[in-house]
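Take a look at the structure below.
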Amino acid sequence: MNFNDRKVLVTGGSRGIGKAVSLAFARAGARVAIIYRENREAAESTLSLLPGSGHLAIAADVADAAAVEACVKEALDGLGGIDILVNNAGIGIYHRIAEVSYRDWQEAWRRTLDANLLGPANLCFCVARHMIPNGGGRIVNVTSRGAFRGEPLKPAYGASKAALNSLSQSLAVALAPHDIFVGAVAPGFVNTELTADRLNSPEGEEIRAQSPFQRVAEPEEVAHAVLFLASEGAEFSTGTIIDVNGASYLRT
11 MNFNDRKVLV
21 TGGSRGIGKA
31 VSLAFARAGA
41 RVAIIYRENR
51 EAAESTLSLL
61 PGSGHLAIAA
71 DVADAAAVEA
81 CVKEALDGLG
91 GIDILVNNAG
101 IGIYHRIAEV
111 SYRDWQEAWR
121 RTLDANLLGP
131 ANLCFCVARH
141 MIPNGGGRIV
151 NVTSRGAFRG
161 EPLKPAYGAS
171 KAALNSLSQS
181 LAVALAPHDI
191 FVGAVAPGFV
201 NTELTADRLN
211 SPEGEEIRAQ
221 SPFQRVAEPE
231 EVAHAVLFLA
241 SEGAEFSTGT
251 IIDVNGASYL
261 RT
């Protein structure tokens, strides 16, 4: 896939799936703006790996509406526009309903929805308002297998990702007349720094056995699906949710 001269904004772009997405776009010729929350070292490390020139890293908490507006403006100024938005940043907080206090339950829901749903919604708004008068663009939201099968240990996470799927499909309809195409990628377990402890624990064998491939996804496999939805020729796939879970969960 060729993304020469495309300008791409990737949230959570310094590590894991976001890093793989940023690298894949840069290798395909795009200029990339990485949004990271606080780990400047990881952002600079990823930035140094991106081929080409004109890339940038921007610190912002996507759960903060004012920070979203500011980081989109900084990306627009730094890249000279935004053709593709990838909402990848997100959090998952364990809050077992039988174990946490009511106060902790509320806090988990607030923080999760702010980061995983309201943040992406605000980014979609700010970027779409730039894309509408400038010839359209692509938005790809990274959701989760948990949106379909549920997340009993972190129910706010599953609910937020289900809502992000719904948001993606709503915007696919609303923005199609403006030549803005919206899709979602729903990974299962992915081999990243954030999952390493669980994959290397006794639980790891059970996690890998969920897929008939007896493994979990690599970040690059998720990035491949993201780039497909953002590519020329994929316009009629707007509103699509692509599962990248190695047949570990099959929905009807």
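In this note's numbering, the protein residues as written are 11 to 262.
Beta carbons: idealized from backbone N, C-alpha and C, even for Gly.
A distance below 8 Å between beta-carbons, with the five flanking residues on each side excluded, links I103 to the following residues of its chain, in chain order: A118, R121, T122, K164, A166 and Y167. Sixteen is the threshold: since fewer than 16 other Cβ atoms of the shown chains lie within 10 Å of the Cβ of Y112, the residue is exposed. Approximately 6 Å separates the beta-carbon atoms of I92 and L86; this is inside 8 Å, confirming the contact. The three-state reading of DSSP puts K164 in coil, since its state is none of H, G, I, E or B. The Cβ neighbour count for K171, taken over all protein chains shown within 10 Å, is at least 16; the residue is labelled buried. Residue I101 holds the alpha-carbon nearest to the alpha-carbon of V152 among P162, A186 and I101. For T205, there is no enclosing beta strand (DSSP E), as DSSP marks it with neither H nor E. For A206 and I27, the gap between their C-alpha atoms comes out near 13 Å. Look at G88 here: in three-state DSSP terms it is helix. Contact between V72 and G129 holds, with the beta-carbon distance rounding to 3 Å and staying under 8 Å. Comparing alpha carbon positions, the residue from D15, A196, R37 and A99 closest to G22 is A99. Out of G214, I217 and A131, the CA that lies nearest to the CA of V78 is found in A131.
Contact between the region 231 to 246 and the region 191 to 200 is present: three or more C-beta pairs spanning the two stretches fall below 8 Å. Across the set K17, V96 and D114, the C-alpha of K17 shows the shortest separation from the C-alpha of G64. Under the DSSP assignment, P229 falls in the alpha helix (DSSP H) whose first and last residues are P229 to A240. By the neighbour-count criterion, in which 16 or more other beta carbons inside 10 Å mark a residue as buried, P229 falls on the buried side.
If the five residues before and after S154 are omitted, its C-beta is found closer than 6 Å to the C-beta atoms of K171 and A196, all from its own chain and listed in chain order.
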